[in-house]
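J.: Residue numbers (the numbering used here), protein chains in the order written: chain A, 1 to 224; chain B, 1001 to 1224.
There are 2 protein chains.
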Amino acid sequence: MKEPRIHAPPVGVAVDVAVFTVREGRLEVLLLRMTRPPFEGKWCLPGGRIRHDETVEAAAERELVEKTGLSGLWLEQLYTFSDPARDPQARCVSVAHLALVPPDVSLRTDDKYSAIGWFPAERPPSLAFDHRAILSYAVKRLRAKLEYTNVAYALLPEQFTLGELQRAYEAILGRALDTRNFQRKVRAIDLVEETGELRTGQAHRPGRLFRFRVRRPVEIAVLT
Amino acid sequence: MKEPRIHAPPVGVAVDVAVFTVREGRLEVLLLRMTRPPFEGKWCLPGGRIRHDETVEAAAERELVEKTGLSGLWLEQLYTFSDPARDPQARCVSVAHLALVPPDVSLRTDDKYSAIGWFPAERPPSLAFDHRAILSYAVKRLRAKLEYTNVAYALLPEQFTLGELQRAYEAILGRALDTRNFQRKVRAIDLVEETGELRTGQAHRPGRLFRFRVRRPVEIAVLT
DNA sequence: GCAAAAGTGTTGTCGGTACACCCATGC
DNA sequence: GCATGGGTGTACCGACAACACTTTTGC
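Put into structure tokens, the structure is as follows:
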């Protein structure tokens, strides 16, 4: 009934972030290579301990800046993973986060971290800790949010064609969509607006360029 | 860039639980009265620190048993609240949980806690910490889950009439539903099955009694 | 017999899905 | 001129919302 150990060592609080992007029609996640035991050589999601004067969301943003150079991206809290065995070295819960970036960002690869890179979100390499479970959960949540919010704005560049938007949706949802229905629906709910410009340079007929009408998180019904 | 304080005091991990029930057509939440400063006399959600050998969900269940006598209820993790100022006494993040009980459970009121009771979830008394925000978030999530899952089974007794089920839905959603459409939909998706008995004793025509077909969390479409 | 809750059917509308063709450009 | 992705219109179908009356019991 009473606490068994009065002065037990503290339970730590960390954050981890699953950062996604869509490139070449594929959903990809950002991973770092670990350099120290016990997970030497394995890959992991960026993250770290939180500080006293910040929320977990702020910690997630700070860790991303420090470890990857990414800033100002779309980010939200996901779930707290707390299996006592999740970290073999220290008792530590992890508040997992989901983040999205457009495909044209550049990573800072110069510093102490041995390697950093984008990997297929559906078939990642072997991951440290419980990061495989975190990644699976993040993909699931992203799929769900895509259906009833406008989060896609955080995954695409400022301007894009409807074909590019559709391919981003297809990459995340993992299934093909009907172009005619997709375009009609996207326009019906005023998700995007024309910029007046055309995508030239590629072969074939140039597509009209669009931008998102609102570039902050909003609930909006699209696509069952 | 580097950690400012190498040996900063640890950030604690606690859990809090918003326990709901529906009684007399109203959504109610379980609150405890605090006995110690700085929130003496205010009410709070049940909760406490986690231990080293348990997940946050297990900690939530354990705290509920210790503080309220409730056990074996429906429970899920909600969100982690981490404002550095949320607890004026100790730096501590709280992993909030949502729990549901049927209206006929009894609370243990005998021990050290000065008071415990059910309050209207929409108009609670003055709450300690950030528990008002946690409660609001929990109500929002409960409403959402009611729409696409069968969680209502955790709020109703073993047997109930369709009228009672509808009133529970109306209490949580905060709006009236059409009886004919409600009954048709509930039966169409095989949410419930007849027990063959009737609700007698009240005045007026007795209703048939039903039970939920499955009494574990399942996704099922009901009610826009 | 009357008050009150239980229970049942039909119709119109809207949104979703399925589907085929013409258009504009680069090569 | 042809291959390729861009872009548009229609028809069917199912789900949902709106709506009124009969039934059964306790008092």
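Heads up, the beta-carbon is just placed ideally off N, CA and C, and yes, glycines get one too.
Straight-line CA distance for residue 62 (chain A) to residue 1094 (chain B)?
T.: Along the first sequence, read from residue 1 onward, the residue named residue 62 (chain A) stands at position 62. Along the second sequence, read from residue 1 onward, the residue named residue 1094 (chain B) stands at position 94. Residue 62 (chain A) and residue 1094 (chain B) have their C-alpha atoms spaced approximately 21 Å apart.
J.: Secondary structure at residue 1163 (chain B), three-state DSSP: helix, strand or coil?
T.: The residue you call residue 1163 (chain B) lines up with position 163 of the second sequence. Here residue 1163 (chain B) sits in helix by DSSP.
J.: Alpha carbon to alpha carbon, how far is residue 284 (chain A) from residue 117 (chain A)?
T.: The shown model of chain A, from 1 to 224, leaves out residue 284 (chain A), and the question about it has no answer.
J.: Would you kindly work out how many angstroms separate the C-alpha atoms of residue 142 (chain A) and residue 98 (chain A), rounded to a whole number?
T.: Position 142 of the first sequence holds residue 142 (chain A). Position 98 of the first sequence holds residue 98 (chain A). Their backbone Cα atoms lie some 8 Å apart in a straight line.
J.: Which of helix, strand or coil does DSSP assign to residue 95 (chain A)?
T.: Walking along the first sequence from the start, residue 95 (chain A) turns up at place 95. In the structure shown, residue 95 (chain A) sits in a strand (DSSP, three-state: E or B).
J.: Count the other CB atoms within 10 Å of the CB of residue 1047 (chain B); is the residue buried (16 or more) or exposed (fewer)?
T.: Position 47 of the second sequence, counted from the start, is the residue given in the question as residue 1047 (chain B). Residue 1047 (chain B) sits buried, since 16 or more C-beta atoms from the chains shown fall within 10 Å of its C-beta.
J.: Classify residue 1140 (chain B) as buried or exposed, calling it buried when 16 or more other Cβ atoms lie within 10 Å of its own Cβ.
T.: The residue labelled residue 1140 (chain B) in the question sits at position 140 within the second sequence. Exposed, because fewer than 16 other Cβ atoms sit within 10 Å of the Cβ of residue 1140 (chain B).
J.: Going by CA-CA distance only, name the one from B:1154, B:1161, B:1138 that's closest to residue 1077 (chain B).
T.: Sequence index remark: in the second sequence, residue 1077 (chain B) carries index 77 (1-based). Residue 1077 (chain B) has its Cα closest to that of B:1138, out of B:1154, B:1161, B:1138.
J.: Near residue 203 (chain A), what residues of its chain come up, given a Cβ to Cβ distance below 8 Å and the 5 sequence neighbours on each side ignored?
T.: One-based indexing of the first sequence puts residue 203 (chain A) at position 203. Cβ neighbours of residue 203 (chain A) beyond the five flanking positions: none.
J.: How big is the Cα-Cα spacing for residue 105 (chain A) and residue 149 (chain A)?
T.: Counted from its first residue, the first sequence places residue 105 (chain A) at position 105. Counted from its first residue, the first sequence places residue 149 (chain A) at position 149. Roughly 23 Å between the two C-alpha positions.
J.: Would you say residue 1082 (chain B) reaches chain A, if we count a Cβ-Cβ gap shorter than 8 Å as a contact?
T.: To locate residue 1082 (chain B), count along the second sequence from 1; it is residue 82. Answer yes: the Cβ-Cβ gap between residue 1082 (chain B) and chain A drops below 8 Å somewhere.
J.: CA-CA distance, residue 152 (chain A) and residue 182 (chain A)?
T.: Locating residue 152 (chain A) in the first sequence gives position 152, where the first residue counts as 1. Locating residue 182 (chain A) in the first sequence gives position 182, where the first residue counts as 1. Straight-line Cα distance between these residues: approximately 14 Å.
J.: Leaving aside the five residues before and after residue 1004 (chain B) along the sequence, list all residues of the same chain whose C-beta is less than 6 Å from its C-beta, in chain order.
T.: Mapped onto the second sequence, residue 1004 (chain B) falls at position 4. Low confidence applies here, because residue 1004 (chain B) scores a pLDDT of 47, under 50, leaving its location unreliable; read the following figure in that light. Within the same chain, residue 1004 (chain B) has no close Cβ partners at all.
J.: Quickly, what does DSSP pair residue 1201 (chain B) with across the bridge? List them, please.
T.: For the purposes of this step, residue 1201 (chain B) is taken as residue 201 along the second sequence, with counting starting at 1. Beta-bridge pairing links residue 1201 (chain B) to no other residue.
J.: Is the beta carbon of residue 1086 (chain B) sitting closer than 8 Å to the one on residue 1053 (chain B)?
T.: Position 86 of the second sequence, counted from the first residue, corresponds to residue 1086 (chain B). Position 53 of the second sequence, counted from the first residue, corresponds to residue 1053 (chain B). The Cβ atoms of residue 1086 (chain B) and residue 1053 (chain B) do not sit closer than 8 Å to each other.
J.: So that I know if they touch, is there some Cβ in chain B lying closer than 8 Å to that of residue 131 (chain A)?
T.: Within the first sequence, residue 131 (chain A) is the residue found at index 131, counting from 1. So, not an interface residue.
J.: Could you check where the alpha helix (DSSP H) with residue 1180 (chain B) kicks off and where it finishes?
T.: Residue mapping note: residue 1180 (chain B) aligns to position 180 of the second sequence, counting from 1. Counting along the chain, the alpha helix (DSSP H) containing residue 1180 (chain B) begins and ends at 1179-1188.
J.: Just to confirm the assignment: which complete alpha helix (DSSP H) runs, minimum length 4, are found wholly within the region 1009-1037 of chain B?
T.: none
J.: Taking residue 1010 (chain B) and residue 12 (chain A) to be in contact with their CB atoms under 8 Å, please state how far apart those CB atoms are, rounded to whole angstroms.
T.: Numbered from 1 along the second sequence, position 10 holds the residue referred to as residue 1010 (chain B). Numbered from 1 along the first sequence, position 12 holds the residue referred to as residue 12 (chain A). In this structure residue 1010 (chain B) touches residue 12 (chain A) by the C-beta definition: roughly 7 Å separates them, less than 8 Å.
J.: Do you know how far the Cα of residue 1224 (chain B) is from the Cα of residue 223 (chain A)?
T.: Mapped onto the first sequence, residue 223 (chain A) falls at position 223. Mapped onto the second sequence, residue 1224 (chain B) falls at position 224. Here the C-alpha atom of residue 223 (chain A) lies approximately 16 Å from the C-alpha atom of residue 1224 (chain B).
J.: Who are the near neighbours of residue 1068 (chain B) in its chain, counting only those whose CB is closer than 7 Å to its CB and skipping five residues on each side?
T.: Along the second sequence, one-based indexing puts residue 1068 (chain B) at 68. Once the five neighbours on either side are set aside, the close Cβ partners of residue 1068 (chain B) are 1030, 1046, 1107, 1108, 1116.
J.: Could you spell out the range, first to last residue, of the beta strand (DSSP E) harbouring residue 79 (chain A)?
T.: Position 79 of the first sequence, counted from the start, is the residue given in the question as residue 79 (chain A). Element bounds for residue 79 (chain A): 74-81.
J.: For residue 206 (chain A) and residue 194 (chain A), what's the separation of their Cα atoms in angstroms?
T.: Residue numbering aside, residue 206 (chain A) sits at position 206 when the first sequence is read from its first letter. Residue numbering aside, residue 194 (chain A) sits at position 194 when the first sequence is read from its first letter. Using only the alpha carbons, I get a separation of about 14 Å.
J.: Using the DSSP secondary-structure output, state which residues sit across from residue 1120 (chain B) in a beta bridge.
T.: Counting from 1 along the second sequence, the entry for residue 1120 (chain B) is found at position 120. DSSP output for residue 1120 (chain B) lists B:1028 as bridge partner(s).
J.: Label residue 1186 (chain B) either buried or exposed according to how many other C-beta atoms from any shown protein chain fall within 10 Å of its C-beta, with 16 as the threshold for buried.
T.: Position 186 of the second sequence, counted from the first residue, corresponds to residue 1186 (chain B). Flag for residue 1186 (chain B) reads buried.
J.: Are any of the Cβ atoms in chain B nearer than 8 Å to that of residue 218 (chain A)?
T.: On the first sequence, residue 218 (chain A) is found 218 positions in, with the first residue counted as 1. It does not: the Cβ of residue 218 (chain A) has no partner Cβ on chain B nearer than 8 Å.
J.: Using C-beta distances below 6 Å, list every residue in its chain close to residue 1039 (chain B), excluding the 5 sequence neighbours before and after it, in chain order.
T.: As a working mapping, residue 1039 (chain B) is identified with position 39 in the second sequence. 1128.
J.: Measuring alpha carbon to alpha carbon, tell me which residue in B:1134, B:1157, B:1033, B:1166 is nearest residue 1147 (chain B).
T.: Taking the second sequence and counting its residues from 1, the one referred to as residue 1147 (chain B) is at position 147. With distances taken between Cα atoms, residue 1147 (chain B) lies closest to B:1166.
J.: Run the CB neighbour count on residue 1016 (chain B), radius 10 Å, all protein chains shown included, and call it buried at 16 or more, exposed below.
T.: In the second sequence, counting from the first residue as 1, residue 1016 (chain B) sits at position 16. Buried: at least 16 other Cβ atoms inside 10 Å.
J.: What residue from B:1020, B:1058, B:1145 has the CA that sits closest to residue 1014 (chain B)'s CA?
T.: In the second sequence, counting from the first residue as 1, residue 1014 (chain B) sits at position 14. Considering only B:1020, B:1058, B:1145, the residue with the shortest C-alpha distance to residue 1014 (chain B) is B:1058.
J.: Run through chain A and tell me which residues come within less than 9 Å of residue 1105 (chain B), C-beta to C-beta.
T.: One-based indexing of the second sequence puts residue 1105 (chain B) at position 105. Within 9 Å Cβ-Cβ: nothing; residue 1105 (chain B) doesn't reach chain A, min ~21 Å.
J.: Starting from the beta carbon of residue 97 (chain A), find every residue of chain B whose beta carbon is closer than 8 Å, and list them in chain order.
T.: Walking along the first sequence from the start, residue 97 (chain A) turns up at place 97. Chain B residues near residue 97 (chain A): none, gap ~10 Å exceeds 8 Å.
J.: Which value, in whole angstroms, describes the spacing of the CA atoms of residue 1036 (chain B) and residue 1101 (chain B)?
T.: Here residue 1036 (chain B) refers to the residue found at position 36 when the second sequence is read from its first residue. Here residue 1101 (chain B) refers to the residue found at position 101 when the second sequence is read from its first residue. Cα to Cα, residue 1036 (chain B) sits roughly 28 Å from residue 1101 (chain B).
J.: Quickly, what does DSSP pair residue 212 (chain A) with across the bridge? List them, please.
T.: Here the question's residue 212 (chain A) lines up with position 212 in the first sequence. Looking at the DSSP assignment, residue 212 (chain A) forms a beta bridge with A:192.
J.: Any Cβ of chain A within less than 8 Å of the Cβ of residue 1077 (chain B)?
T.: Here residue 1077 (chain B) is taken as the residue at index 77 of the second sequence, counted from 1. Output row for residue 1077 (chain B): interface = yes.
J.: So if I threshold CB-CB distances at 8 Å, which residues from the region 1010-1024 of chain B count as touching chain A?
T.: 1010, 1011, 1012, 1013
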